[in-house]
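There are 2 protein chains.
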Amino acid sequence: MSDPVVPSATPAPLPTALRAPESRTAQLLLASRLPARMAWVDRDGRPQVAPMWFEWDGAELLLSTFAGSRKLDDLADGSQLAVTIDTSEFPYRSVKMSGPITVEPSDGLTDSYRRAARRYLGEQAGSAWCDALTGQVQVLIRLRPTRASVSDMSSMPFITEPTGDR
Amino acid sequence: MSDPVVPSATPAPLPTALRAPESRTAQLLLASRLPARMAWVDRDGRPQVAPMWFEWDGAELLLSTFAGSRKLDDLADGSQLAVTIDTSEFPYRSVKMSGPITVEPSDGLTDSYRRAARRYLGEQAGSAWCDALTGQVQVLIRLRPTRASVSDMSSMPFITEPTGDR
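Heads up: the protein sequence lines correspond to chains A and B, in order.
Under the numbering used here, the first residue of the first sequence is numbered 1, with each subsequent residue one higher.
Under the numbering used here, the first residue of the second sequence is numbered 1001, with each subsequent residue one higher.
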């Protein structure tokens, strides 16, 4: 295992929006193949944003990045991240979360990344993708959300009145 | 017109990735119905991210938000924004840009928002959407990119070798 479980002494409770049982909207988004769009603050105090594969383990959002990537110039234990996982088509659904991270080195691809690759690309293509990255070293980012919100526009009255042009 | 054109005295040249003629990838993304995922830094120095409808006018990214929205507690002329406009499915394509903004009040919905609503939802539904927002007041955010990059994974050799499981 390249992703050791680091138990937190007294884990803070999850924000209501992510507490089990999650809403159907949160469940769908967190199990989806949508990339997370991850925002952080760089060393000059400027915003940065990037799409990232993710994995939700029920308590933390796991994101893997390659050792030496520019993100890691900006991120360390305790850095704040904000993430949106949201659909690109109407009716828009989103889950947003933010909080502090921990950063864990690994000695190759992280197990979380290997699982994510299979989820996003399918079993065979995901494995082939990881095989093509043999020798690369990753870092695991664990985001423990302290704030979260869920939005689902499918409940808006607007779309129960189709106008016929879509 | 609720979006007055404010000429910039000496506009800086656009980053290469966005200079006309834009790459085919940049053109497709900037004309697409994909939401921009917009990142900024809040007043506590923490990252924030939200999906936003956008419009690209060839030099600036136009984003509209509602007067009184929490974003506007954090944003003012000169604030930095970072945006990614990227596809949710493999092969991933993205355009990222960042730079300073100007913030312009308007006296209702912005013209840019009305055009964006029709692009994202279609002519009829977009107009109906805006009609339902009659009386709301928006603010126009103009992002003038000083950095930009384009990525297109469809050129990766990986996907020319289908594995048959997608």
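Beta carbons are placed, not taken as given, at the ideal position from N, Cα and C, and that holds for glycine.
Identify whether residue i lies in helix, strand or coil by the three-state DSSP scheme.
i: A/W40; result: strand
i: B/E1055; result: strand
i: A/S149; result: strand
i: B/L1029; result: helix
i: B/A1128; result: helix
i: B/R1024; result: helix
i: A/T163; result: For A/T163, the pLDDT reaches just 42, beneath the cut-off of 50, and the residue's location in the model is therefore unreliable, although a value from the coordinates is still provided. DSSP places A/T163 in coil when its eight states are reduced to three.
i: A/E60; result: coil
Return the bridge partner residues of residue i from the DSSP annotation.
i: B/Q1048; result: B/W1040
i: B/T1065; result: B/V1139
Kindly examine the ligand SAM and report whether one of its heavy atoms sits closer than 8 Å to the Cβ of residue i.
i: A/P21; result: You won't find the ligand SAM in this model; it holds no ligand whatsoever.
State the start and end residues of the unbroken alpha helix (DSSP H) segment that holds residue i.
i: A/A12; result: Looking at the DSSP string, A/A12 is not in any alpha helix (DSSP H), and its letter there is neither H nor E.
Looking only at its chain, what residues have a beta carbon closer than 7 Å to the beta carbon of residue i, apart from the 5 residues adjacent to it on each side?
i: B/L1018; result: A1026, M1097, P1145, A1148
i: B/E1055; result: L1062, S1112, R1115, A1116
Cutting at 6 Å between CB atoms, please list the residues of its own chain near residue i, excluding the five before and the five after it.
i: B/Y1120; result: R1033, W1053
i: A/A67; result: V137, V139
i: A/E104; result: L140
i: B/S1154; result: P1091
Cutting at 8 Å between CB atoms, please list the residues of its own chain near residue i, excluding the five before and the five after it.
i: B/G1099; result: Q1080, L1081, L1143, R1144, P1145, T1146, R1147
i: B/L1028; result: R1093
i: A/A59; result: P11, L14, R144
i: B/A1050; result: R1037, M1038, K1071
i: A/A118; result: This sequence places Arg at residue 118 of chain A; Ala is not what is there. Only G126, S127 meet the Cβ criterion.
Could you tell me which whole beta strand (DSSP E) segments of length 3 or greater appear in the stretch 1072 to 1120 of chain B?
1080 to 1086, 1093 to 1105
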